[in-house]
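Novice:
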Amino acid sequence: MAYSDQAVEVSDGETPAASTAARLAILWSFARPYWRVLALGLVLSLAVSAMGLASPMVTKWVLDTLAVDGSLRDPVLVLVALLILGAVIGWYQWVMLGRLAEDVVYDARQRMILRYLGARVYELLKRGPGELVTRVTSDTVLLNQAASSSVIGLINGTIMIIGSLVLMGHLDLVLLSTALAAVIVVFVMFSVLMPQISVAEEKAQASLSDLGSELEGTVRAIKTVKSSGAQPRRFASLMRHVGESRQHSLRSVRIQAGAWTIAGIGLDGAVIMVLAVGAYRVADGQMTISALVAFLLYVWGLTGPMMELTQNLTTLQSGMAAAGRISQIERIPVEEPADDLTVTSPARTTHSVGTAEQRREVSGPADEAGRDADRAATSPILELSGVTARYSPDAAPAVAGIDLTISRRGHVALVGPSGAGKTTVLSLLMRFLEPESGEIRLNGVPYAELGHARIRSAFAYVEQETPVVPGTVRDNLLFANPHATDDELAQVLRRLHLSDLVESLPEGLDSRLSDTSVSGGQRQRISLARALLADPRILLLDEATAQVDGITEAAIHETITEISEHRTVVTIAHRLSTVIDADQIVVMDAGRVTALGSHQELLESTQLYRDLVAALRIETRSAAVPSVTMS
Ligand SMILES: Nc1ncnc2c1ncn2[C@@H]1O[C@H](COP(=O)(O)OP(=O)(O)OP(=O)(O)O)[C@@H](O)[C@H]1O
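Numbering of the sequence shown is given in the numbering used here, commencing with residue -10 and proceeding in unit increments.
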């Protein structure tokens, strides 16, 4: 399955603006792969309808036979056969369409999940997690019937109505015109009311999505919410979305109820009119009683298709609204538009961890692409030349004209005031962000020539903010290298002083790990363990702030020292000990590299660096860990 860039434009955000045709096209795009099943469903549905349409005529046959004292065997047999066949086909069709509906939902969810995983990182992050979740969980449910049975129901309902009208015309044209008036009134009313239902449904869904986003953020920040005493304000804000959703849904319900009531009145009115006019015509000898009975059966029979039509139109409206919103997700740009919609994972090799001898060079993209072994041994592993990048076209550059060479062994520390562009540099290295100008090379090969997955296979990235992922402790540790052995795992746990933690958990490595069940320092160490098990060519480490516990500080320190002996470590340094030990320190300010050098060189040459060191010294002293004295 390939990423399909929807050509159909629908509105962004809250204001629905896509035309009905455009939305139908989007909805159809979900059903299209199953057109064969749909076609079969339609044929079966028509067969059931034909049987339904034939029933009044057979009833008339029974009545006519009674009138002439004939044998009832044939008409009754036909009636029973129609009944049984209709029931069996109806059951089969129900199951088939139910399955189709689930398949459509499955596909839509798969498409969206793959889009999330393949999306450009910052394009995805622009949308709230709550909104992204709602799209996959609840919007897809609305697609369910809309893209399957409702299409068939609509066609079938229409055919049933037309078929009934034709047969009614065959029975009596005068009575038909009477019934037709009622049908036309109902149709006109529906064409006016249905678009309003769609708008109301779409607004209700938008409010639900806003609620999801806000609720997610509130739960995430529950400690801040409570410590700020902000529960009443949060409650009011959340309930505003709940109320809005209710209001829009109520509007939709009111319109639907109105539509149904008018349809009911229309049909009852039609029956009364037909009875009155029919009785007059029977008395006048212009019509037989059996024809009037058959005609009345058709009028009553119209209720079914009318209801089917109404219900399916409503479902279709909800489905179209959902399809419009889902298609917004399909327009989030992906990292590799040329790729098939498959999640590519870097081909990591399994490595033993531990001693330097046990490790071997990752056969990463650089090695594959870097054809010259001698040159590769001495040349820088990473080069940034004149790199400028911004997060959105109208924003100021987050980094500008960055020139940086990172060698294949050693530790590079990025330092600078908040907002200087340090995280942006790491994002550029991981290709979460594309440079607007300039070039980044890995082992001499421009990033543009390497796929995202291949670039990332050279790195392990330890995030500062969210270092654990959903799952068990084992899932977390093996996240980047699922093939690590139990020995390797045990070794890394010992090294990062995590063995005791794992042993204390009820199910050991298989205990579920949530953000709350481990401390900040433990989370940091788990993510370091994950990085160690990945045995990366380059380790990117966004250090937690200066105040980490002693064990974690030692673990970070040892990890950096060990890996940088043979590999490359790039840190965003928040602790003085990390900065001092670095082989190369990059001082950043306002998106630019302002100085480069060793700790001693920079102390002598750069005022900003002296200020930063002074600030770190204060932070380190105030932390609960022993302060590091300057050499
Ligand atoms: N996701 C984002 N969207 C838009 N702008 C961003 C985003 N992330 C960072 N920026 C902007 O880019 C600039 C550099 O930010 P960056 O996060 O790289 O700085 P930093 O040196 O890592 O800061 P800190 O030490 O506070 O994390 C800042 O002006 C910031 O406002």
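Idealized CB from N, CA, C, for every residue including glycine.
Computed from a predicted structure; not experimentally measured.
For LEU418, is the beta carbon positioned less than 7 Å from some heavy atom of ligand 1?
Specialist: The residue labelled residue 418 in the question sits at position 429 within the sequence shown. Result no, Cβ not under 7 Å from ligand 1.
Novice: Which full runs of the beta strand (DSSP E) of 3+ residues lie inside the region 545 to 577, going along the chain?
Specialist: If we require 3 residues or more, the beta strand (DSSP E) runs fully inside the region 545 to 577 come out as 557 to 561.
Novice: Quick check: is any heavy atom of ligand 1 less than 7 Å from the C-beta of LYS411?
Specialist: Position 422 of the sequence shown, counted from the first residue, corresponds to residue 411. True, at least one ligand heavy atom lies under 7 Å from that Cβ.
Novice: Under a three-way DSSP split, which group does ALA358 fall into?
Specialist: Counted from its first residue, the sequence shown places residue 358 at position 369. For ALA358, the pLDDT reaches just 45, beneath the cut-off of 50, and the residue's location in the model is therefore unreliable, although a value from the coordinates is still provided. Residue state, collapsed to three classes: helix.
Novice: Should the region 567 to 578 be regarded as contacting the region 548 to 557, the criterion being three or more beta carbon pairs within less than 8 Å?
Specialist: Cβ pair count under 8 Å is three or more, so yes.
Novice: Over what stretch of residues does the beta strand (DSSP E) that includes ALA389 continue unbroken?
Specialist: Mapped onto the sequence shown, residue 389 falls at position 400. Element bounds for ALA389: 388 to 395.
Novice: If you follow the beta strand (DSSP E) that ALA449 is part of, which residue opens it and which one closes it?
Specialist: As a working mapping, residue 449 is identified with position 460 in the sequence shown. Counting along the chain, the beta strand (DSSP E) containing ALA449 begins and ends at 448 to 451.
Novice: How about ILE278 and VAL288: are their beta carbons less than 8 Å apart?
Specialist: As a position in the sequence shown, residue 278 is number 289, starting the count at 1. As a position in the sequence shown, residue 288 is number 299, starting the count at 1. Contact flag unset, no.
Novice: Measuring only the C-alpha atoms, how far is ALA39 from MET149?
Specialist: Within the sequence shown, residue 39 is the residue found at index 50, counting from 1. Within the sequence shown, residue 149 is the residue found at index 160, counting from 1. If I take the Cα positions, the gap works out to 8 Å.
Novice: Beta carbon of LEU431, beta carbon of VAL376: below 8 Å?
Specialist: As a first step, residue 431 is located in the sequence shown; it is residue number 442 there, counting from the start. As a first step, residue 376 is located in the sequence shown; it is residue number 387 there, counting from the start. Cβ atoms of LEU431 and VAL376: not closer than 8 Å.
Novice: Does the beta carbon of TYR111 fall short of 7 Å from some heavy atom of ligand 1?
Specialist: Here the question's residue 111 lines up with position 122 in the sequence shown. Result yes, Cβ under 7 Å from ligand 1.
Novice: So who's on the other strand from ASP161, going by DSSP bridges?
Specialist: Translated into the one-based positions of the sequence shown, residue 161 becomes position 172. BP columns for ASP161 are empty, so no partner.
Novice: Considering only heavy atoms of ligand 1, does any lie closer than 7 Å to the CB of GLY621?
Specialist: There is no way to answer for residue 621, as the model of the chain reaches only from -10 to 620.
Novice: When we look at the beta-carbon of VAL77 and count the other beta-carbons within 10 Å, is it buried (16 or more) or exposed?
Specialist: Mapped onto the sequence shown, residue 77 falls at position 88. By the neighbour-count rule (16 or more Cβ atoms within 10 Å), VAL77 is not buried but exposed.
Novice: Between ILE186 and chain C, is any beta-carbon pair separated by less than 8 Å?
Specialist: Structure shown: chain C not included; a single protein chain is present.
Novice: Should LEU114 be listed as close to ligand 1, given that the test is whether its C-beta is under 7 Å from any heavy atom?
Specialist: By 1-based counting over the sequence shown, the position of residue 114 is 125. Result yes, Cβ under 7 Å from ligand 1.
Novice: Hey, how far is the Cα of VAL351 from the Cα of LEU393?
Specialist: Residue 351 sits at position 362 when you count from the first residue of the sequence shown. Residue 393 sits at position 404 when you count from the first residue of the sequence shown. Here VAL351 scores only 36 on pLDDT, less than 50, and its place in the model is too uncertain to base an answer on.
Novice: Round the Cβ separation of GLU324 and ARG109 to the nearest angstrom and send it over; I've been treating them as touching at under 8 Å.
Specialist: Taking the first residue of the sequence shown as 1, we reach residue 324 at position 335. Taking the first residue of the sequence shown as 1, we reach residue 109 at position 120. About 5 Å; that satisfies the 8 Å criterion.
Novice: Determine the burial state of TRP83: buried for a count of at least 16 other Cβ atoms within 10 Å of its Cβ, exposed for fewer.
Specialist: The residue given as residue 83 occupies position 94 in the sequence shown. The residue in question, TRP83, is exposed, as its Cβ has fewer than 16 Cβ neighbours within 10 Å.
Novice: Going by beta-carbon coordinates alone, are GLU621 and THR567 separated by less than 8 Å?
Specialist: Any property of residue 621 remains undetermined from this structure, which presents the chain solely from -10 to 620.
Novice: Taking buried to mean at least 16 other C-beta atoms within 10 Å of its own C-beta, is HIS159 buried or exposed?
Specialist: For this step, residue 159 is matched to residue 170 along the sequence shown. When all chains shown are included, HIS159 counts as exposed.
Novice: Quick one: grab the DSSP three-state call for ASP273.
Specialist: In the sequence shown, residue 273 corresponds to position 284, counting from 1. In this structure, ASP273 counts as coil in the three-state DSSP scheme.
Novice: According to DSSP, simplified to helix, strand and coil, what is LEU439?
Specialist: On the sequence shown, position 450 is the one that residue 439 refers to. Coil.
Novice: Does the separation of the CB atoms of LEU285 and VAL263 fall below 8 Å?
Specialist: Indexing the sequence shown from 1 puts residue 285 at position 296. Indexing the sequence shown from 1 puts residue 263 at position 274. Going by C-beta atoms, LEU285 is nearer than 8 Å to VAL263.
Novice: From VAL602 to MET228, what distance separates their C-alpha atoms?
Specialist: Mapped onto the sequence shown, residue 602 falls at position 613. Mapped onto the sequence shown, residue 228 falls at position 239. Each residue's alpha carbon lies about 48 Å from the other.
Novice: Considering only C-alpha positions, which residue in the set GLY460, ALA384, ALA312, ILE391 is nearest to SER374?
Specialist: For the purposes of this step, residue 374 is taken as the residue at position 385 of the sequence shown. Of the listed residues, the one whose Cα sits closest to SER374 is ILE391.
Novice: Is the beta carbon of TYR380 within less than 7 Å of some heavy atom of ligand 1?
Specialist: Against the sequence shown, residue 380 aligns to sequence position 391. Within the cutoff, so yes.
Novice: How about HIS230 and ASP257: are their beta carbons less than 8 Å apart?
Specialist: What you label residue 230 is simply residue 241 of the sequence shown in a count that begins at 1. What you label residue 257 is simply residue 268 of the sequence shown in a count that begins at 1. No, the Cβ-Cβ distance between HIS230 and ASP257 is not below 8 Å.
Novice: Can we count GLY586 as close to ligand 1, meaning its CB is less than 7 Å from some heavy atom?
Specialist: In the sequence shown, the residue the question calls residue 586 occupies position 597. GLY586: no, Cβ never under 7 Å from ligand 1.
Novice: In chain order, what residues of the same chain lie with their CB nearer than 7 Å to the CB of ARG599, ignoring the 5 residues before and after it?
Specialist: Counted from its first residue, the sequence shown places residue 599 at position 610. Excluding positions up to five away in sequence, the list reads LEU592.
Novice: Between which two residues does the beta strand (DSSP E) carrying SER426 extend?
Specialist: Taking the sequence shown and counting its residues from 1, the one referred to as residue 426 is at position 437. 426 to 431 is the span of the beta strand (DSSP E), which, as asked, contains SER426.
Novice: Would you grab the beta carbon distance between LEU605 and THR583 for me? Rounded to a whole angstrom, and I think it's under 8 Å.
Specialist: Stepping through the sequence shown from its first residue, residue 605 is reached at position 616. Stepping through the sequence shown from its first residue, residue 583 is reached at position 594. Not confirmed; about 17 Å, so no contact.
Novice: Taking all protein chains shown into account, decide if LYS212 is buried (16 or more other Cβ within 10 angstroms of its Cβ) or exposed.
Specialist: Translated into positions along the sequence shown, residue 212 becomes position 223. Counting Cβ neighbours within 10 Å, LYS212 comes out exposed, since fewer than 16 surround it.
Novice: Does DSSP classify SER374 as helix, strand or coil?
Specialist: Residue numbering aside, residue 374 sits at position 385 when the sequence shown is read from its first letter. Residue state, collapsed to three classes: strand.
Novice: Is ALA384 a contact residue of ligand 1, with contact defined as CB to any heavy atom under 7 Å?
Specialist: Locating residue 384 in the sequence shown gives position 395, counting from the first residue. Because some heavy atom of ligand 1 lies under 7 Å away, the Cβ of ALA384 counts as near it: yes.
Novice: Sort VAL122, LEU132, ALA10 by Cα distance to ALA20 and report the nearest one.
Specialist: Numbered from 1 along the sequence shown, position 31 holds the residue referred to as residue 20. It is LEU132 whose Cα lies nearest to the Cα of ALA20.
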